[in-house]
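**Student:** Could you have a look at this structure, given as structure tokens, before my questions?
Residue numbers (mature numbering (1 follows the signal peptide of the UniProt record, and there is no 0)): -23 to -1, 1 to 182.
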């Protein structure tokens, strides 16, 4: 079950640099065009083209698209030659896992806090027990996300962390250092082959 949490990592002061206000503001969550608008994106590792409610989205190498603004109600999603319809609510961030058999619609744990960085984790693999371990903090940021599942945590920011995928104390995969900024989200994906990829969460124009 996905829960929204705040994790205040105990890090040396050197790991918590103060960034200029302008740099922080560049990544703030966008204002929706209407108060009840939601945002929806797709993780489609094998797709070259994705369309959400008529908006064409370009997936990254990991298959992550930008968020597209959508209105509450039915939303049509096209991934390659396949088309599906989902029902979305108001004022919520969603992600569709197109690689999963049922293509689940996930409600993302986005806080939109201007004082925190959201860390969003999606498990496209088969592991049920693992840690997304922050090496500088010597603690797990998130753990035991079910296959085709999601969890999220709000982190004190700005800071830079190196994340590893660990199982029973063994490091299975690692990321380059990730810059976490206030008012933004970073997406981490456990891939189907047990790897790790990370990207900033972005929004379609």
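C-beta: ideal position from N, C-alpha, C; glycine also.
Using the C-alpha atoms, what's the distance from residue 94 back to residue 157?
**Tutor:** Taking the straight line joining both Cα atoms gives about 6 angstroms.
**Student:** Counting only the same chain and skipping the five closest in sequence on each side, list residues whose C-beta sits under 7 angstroms from that of residue 61.
**Tutor:** Correct list, in chain order: 54 and 80.
**Student:** Residue 43: buried (16+ other C-beta within 10 angstroms of its C-beta) or exposed?
**Tutor:** Its Cβ being crowded by 16 or more others within 10 Å, residue 43 is buried.
**Student:** Give a yes or no on whether the C-beta atoms belonging to residue 52 and residue 24 are separated by under 7 angstroms.
**Tutor:** Not a contact, by the Cβ cut-off of 7 angstroms.
**Student:** Which residues in the same chain have their Cβ closer than 7 angstroms to the Cβ of residue 49, if we skip the five residues on either side of it in sequence?
**Tutor:** The residues are 13, 15, 65, 66 and 67.
**Student:** Quick one: give me the first and last residue of the beta strand (DSSP E) that residue 62 is part of.
**Tutor:** 59 to 65 is the span of the beta strand (DSSP E), which, as asked, contains residue 62.
**Student:** Got a sec? Which residues, its chain only, sit under 7 angstroms from residue 30 by beta carbon, not counting five neighbours each side?
**Tutor:** Closer than 7 angstroms at the Cβ level, and outside the excluded window around residue 30, lie 45, 47, 52 and 53.
**Student:** Cα separation between residue 142 and residue 33?
**Tutor:** Near 32 angstroms, if we compare the C-alpha coordinates of residue 33 and residue 142.
**Student:** Does DSSP put residue 71 in a helix, in a strand, or in coil?
**Tutor:** In the structure shown, residue 71 sits in a strand (DSSP, three-state: E or B).
**Student:** Under the assumption that residue 21 contacts residue 97 (Cβ atoms under 8 angstroms), give the Cβ distance between them as a whole number of angstroms.
**Tutor:** The Cβ separation is near 16 angstroms, so there is no contact.
**Student:** Under DSSP, the beta strand (DSSP E) around residue 126 begins and ends at which residues?
**Tutor:** Note, residue 126: beta strand (DSSP E), 126 to 133.
**Student:** Measuring alpha carbon to alpha carbon, tell me which residue in 90, 39, 132 and 75 is nearest residue 160.
**Tutor:** When only C-alpha atoms are compared, the closest one is 90.
**Student:** For the beta strand (DSSP E) containing residue 177, name the first residue and the last one.
**Tutor:** Run containing residue 177: 173 to 177, per the beta strand (DSSP E) assignment.
**Student:** Ends of the beta strand (DSSP E) at residue 18?
**Tutor:** That run of the beta strand (DSSP E) goes 15 to 20.
**Student:** Looking at residue 119 and residue 150, is the spacing between their C-beta atoms short of 7 angstroms?
**Tutor:** No, they are not a contact pair.
**Student:** DSSP puts residue 167 in a beta bridge; with which residues?
**Tutor:** Note: residue 167 sits in a beta bridge opposite 100 and 173.
**Student:** Determine, using beta carbons only, whether residue 100 and residue 167 come nearer to each other than 7 angstroms.
**Tutor:** For residue 100 and residue 167, yes; Cβs fall inside 7 angstroms.
**Student:** Could you tell me how far apart the beta carbons of residue 127 and residue 88 are, in whole angstroms, since I believe they sit closer than 8 angstroms?
**Tutor:** Actually they are not in contact, since the Cβ atoms of residue 127 and residue 88 sit about 14 angstroms apart, beyond 8 angstroms.
**Student:** Spatial neighbours of residue 36 within its chain, please: CB distance less than 7 angstroms, with the 5 preceding and 5 following residues excluded, ordered by chain position.
**Tutor:** Around residue 36: 21, 24, 27 and 42.
**Student:** To the nearest angstrom, report how far apart residue 75 and residue 19 are at their CA atoms.
**Tutor:** Rounded to the nearest angstrom, the two C-alpha atoms are 7 angstroms apart.
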